[in-house]
Amino acid sequence: MKKKKKENLKPNAFAWLIYRIYSSILMKLKFNVKYDRTEFNSRNKKEGCVVLYNHACNYDHYISTAFFKRTKVNYVVSNRFMFNPLIKVVLNLVHAIHRDQFKNDTASILKMKRVIERRGVIAIAPAGQVTIHGDMPYINPVIVKLLKMCKADVYTLQTTGSYLAAPKWSLSKRKYPISVKCVKTLSKEEIKSLDTDTLYNKIINDLNVNDRVIQKNKNIEIKGKNLACGLENILFMCPKCKNKYTFISNDNTLKCKCCGNTVIYNKYGFLEKSSDFDVLLENESLWCEYQKQQIMGQIKAKTYYKESNVSFYSNPNKEFKLELVGCGKLIYENDSLKYIGTYLGSDIIKEFNLNILTQFPFSPNVRFNIPDDSGMLEFVPDNKQEVFEWATLIDAYHTLLIEVKEDAAS
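Residue 285 in my numbering is what sits at position 241 of the sequence shown, and the numbering runs on without skipping anything.
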């Protein structure tokens, strides 16, 4: 009987070298990133470990790769990256572990376990996607089960400044100092002995890096022009007139075209009124929470209705290639989410189970994805400013489900 060939999980040395050098140069020139590798360098190199990192900007992989230097790491990344042919080649060479966002994926978990058993290093962002407003996103407690399965020491890369340097919503170039420090979050002995809640709280504590809180004490100027450009794609509701999609950005200001409400995004990354007549929330995180609470209230009252004309992209052949498969309407009404439209030339109605959805992966003013076992399902609204409202809707619905479960348990 032919012996099964052992799976190669080690990142390609040459590919990692090129990726590391490119990342180091890019991050030095773009942000002059500073690194504190003391804790990571003192780890037990004869054993594998897990490295968590907060996910505040789209450059995080470059930042962390430059941090790791010669230590070749297996990244855990979203399957979404595999749909880019060039990135797919790089990820395959460095043996990144790709998985579906916000879905159960046993195969990727088993692969992580095998990497650790072979004394490798796993790097993963537990949030699953970049924070849109600077505050730490929801971290699924399932991360504790994953770490228990890996049975290895856990470290956390705490990156500060990355949200203010390159927020996910921003459409302009900025400069702001970034620094990275590694801390040891859990030993493998602690993972074995501590209860789930304690482990989860320690993970959250080390991942919870908030640039705005730090900036209040530092007051470092953000260098760049048009700093407010892109904010209109996440601040979709005017708190003064309650109309949606009415903000227009210009330079460092947002102005509602309905009521004239004007907000300034200052050079330190904080929101200000233009006059005493203007209405705002203190920061974009509170603004996003305000929008979420408005939707939650309407969901409870059964008055929330959302309908978007969308283009539907998917991978019907299960390959890493997206194609336009249809168009139609995506509708939320009375605890129901469904797509009514075409799919590969046929009329369909596809309903989604809201009870298992926690987040929509999205890119503001571009697209959002609905996690589904049938494949990659990507939707592009005709009005692309609606993207973040859909992401907020599913976040609001998931929060309400958690509240119901907590009330039932108490």
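Where is the CB? At the ideal position from N, CA and C, for every residue including glycine. Treat the numbers as computed from the prediction; the structure is a model and nothing was measured.
| Item | Value |
| --- | --- |
| Through-space distance from I65 to L437, alpha-carbon basis | 41 Å |
| Spatial distance of V77 from T229 (CA atoms) | 22 Å |
| Which residues DSSP lists as bridging V424, in chain order | S355 |
| Rounded separation between M45 and L368 - CA only | In this predicted model, M45 has a pLDDT of only 48, less than 50, meaning its place in the structure is not dependable enough to derive any value. |
| Outcome for V198 when other beta-carbon atoms lying within 10 angstroms are tallied against a minimum of 16 | buried |
| Three-state secondary structure (DSSP) of E447 | helix |
| Classification of S380 by the beta-carbon crowding that lies within 10 angstroms, buried from 16 upward | exposed |
| C-beta contact flag for N118 and V134 at 9 Å | no |
| Own chain, CB closer than 8 Å to N56, minus 5 neighbours either side, in chain order | L137, V138 and H139 |
| Spatial neighbours of V174 in its chain, beta-carbon cut-off 8 Å, leaving aside the 5 residues before and after | H99, A100, C101, N102, D104 and K212 |
| Limits of the unbroken beta strand (DSSP E) element including Y79 | K78 to D80 |
| Cα-Cα separation, I393 to K362 | 21 Å |
| R114 versus K74, V165, P129 and F127, residue with shortest Cα-Cα distance | V165 |
| Boundaries (first-last residue) of the beta strand (DSSP E) holding V307 | T306 to Y309 |
| According to DSSP, residues forming a beta bridge with R218 | G268 |
| Identity of the residues DSSP links to V224 by a beta bridge | Y79 and T203 |
| D439 - DSSP class collapsed to helix/strand/coil | helix |
| P181 vs L96 beta-carbon contact at 9 Å | no |
| Alpha-carbon spacing of F356 relative to C371, whole angstroms | 5 Å |
| One or two residues paired with M281 in a DSSP bridge | K288 |
| Enclosing beta strand (DSSP E) for A167 [first to last residue] | V165 to I168 |
| Range covered by the alpha helix (DSSP H) that runs through I235 | K232 to S237 |
| Straight-line gap, A345 to I339 (C-alpha atoms, nearest Å) | 10 Å |
| In DSSP terms, what I375 is bridged to | E351 and K382 |
| Coil, strand or helix - T115 by DSSP | coil |
| Proximity to D80 [Cα-Cα], best of F125, F112, K219 and Y63 | F112 |
| Element boundaries [beta strand (DSSP E), containing R143] | I141 to R143 |
| C302: first and last residue of the uninterrupted alpha helix (DSSP H) it sits in | Here C302 belongs to no alpha helix (DSSP H), and DSSP marks it neither H nor E. |
| Pair within 9 Å by beta-carbon distance, Q202 and V253 | yes |
| Residues of its chain near K192, where Cβ-Cβ distance is below 7 Å and the 5 sequence neighbours each way are ignored | I235 |
| Coarse secondary structure for D104, derived from DSSP in three states | helix |
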